[in-house]
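> Below are the structure tokens for one structure; questions will follow.
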Amino acid sequence: MQKQRFPTLGEWTEKKTSQFTEEKLIIRNPEELKCKIAKMISEGAKQTQIVTDFDQTISSFLSPATFSLFRMSELSPQEFKNKMQSYYDYYVPIEKDQSIKIEEKNKHMHEWYQKVSEAFHEAKFTKSLACQILNTSHIYLRYLFEPFFNKCEEEHIPFHIVSGGLDKVINTILASIHEIESYDEMTLHTNQMLFQDDILEKMEMLVTATTKAKILETSGIQFRNNTILLGDLPSDFYMTKFLNIPNQVSIGFLVQDHAYQLEEYKKLYDITIIGDPSFLVPQVLLSKVIGHPLSEECTQLFNSQNYDELRELF
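Position 185, counted from 1, in the sequence shown is what numbering that gives the first Met the number 0 calls 184; the numbers after and before it change by one each time, with no gaps.
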């Protein structure tokens, strides 16, 4: 039997997708973005790729991160949950603190991930229990992500996911949308759940918010000239910083409650979308690049006044 590239936990039978809600766009430099979009469209699908985070980028802001599923689930052992909560409370503020130097932050992230790996090892989760935890969770995919993902596969557009989440959880979610084993141009760089005889024996902790750029740099992937980059944190913007990609349109998702971070996002991302953003803007950009008309639904949504400034740039 051929080894699976993207092994799953089972089936995500309780698939959830968020509804479309009003979103606000802020464009950092309209003239620069117009040039970037024009170049991307002129070079077409064969020179375009996607680089994206997963947790709260592909999944909604309504969703917990894939690690947090286990910390929050009633099905997880209480001792495990207590440990995970204490680690979360201590290390998340460090992860998000932009004043901490990268070397110091890396040390803390490594320490955090070692403790998490040990906690998972001690809890001895089975695949079936892990799948049950996913199916009783509140993970939501962003509205319009599914057609965006399917269109990328159909057009053979490389889809590179770089996530500090969990591989088999992410695989299970994506496999509910598409037969991902056949998506030759998809890559997944994330933390690995290693099972032995159906028991979770080890967590291979490879990806943090601060290691994504190095992981892509050393991946051996032949990257294309144009990138659509998607993220929900300032650090996600830097995923491609070592790749020397000539042209990139970056889209940052910013939760409404964190609007105090807006100035930071505006310095980085070409487009910042505030609210609980959908994949409408990436879908519109993709449709222009591949020369495929938008669906009637997307056209109607994109014709609202919230997108007036962006429509003028195409």
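Note that beta-carbon positions come from the ideal geometry of N, C-alpha and C, so glycine has one too.
1. For residue 276, does the count of other Cβ atoms within 10 angstroms reach 16, so buried, or fall short, so exposed?
2. Considering only their Cβ atoms, is the gap separating residue 280 from residue 259 smaller than 9 Å?
3. In whole angstroms, give me the CA-to-CA distance for residue 200 and residue 296.
4. Locate the beta strand (DSSP E) running through residue 192, then write down its first and last residues.
5. Locate the alpha helix (DSSP H) running through residue 144, then write down its first and last residues.
6. On the three-state DSSP scale, how would you describe residue 298?
7. Take residue 51 as the anchor and find which of 188, 309, 257 has the nearest alpha-carbon.
8. Hey, how far is the Cα of residue 266 from the Cα of residue 249?
9. Do you know how far the Cα of residue 194 is from the Cα of residue 0?
10. Within its chain, find whatever has a CB closer than 7 Å to the CB of residue 111; leave out the 5 residues flanking it on each side and keep chain order.
11. Between the alpha carbons of residue 81 and residue 70, how many angstroms are there, rounded?
12. Pull up the distance between the alpha-carbon of residue 197 and that of residue 185, whole angstroms please.
13. Rounded to whole angstroms, what's the CA-CA distance from residue 10 to residue 172? Just pull it up for me.
Walking through what the data contain:
1. buried
2. no
3. 46 Å
4. 185–195
5. 144–153
6. helix
7. 188
8. 11 Å
9. Caution applies to residue 0, whose pLDDT of 47 falls short of 50 and renders its modelled position unreliable; the model cannot decide the point.
10. Taken in chain order, the residues that qualify are 86, 90.
11. Distance between the alpha carbons of residue 81 and residue 70: 8 Å.
12. 26 Å
13. 8 Å
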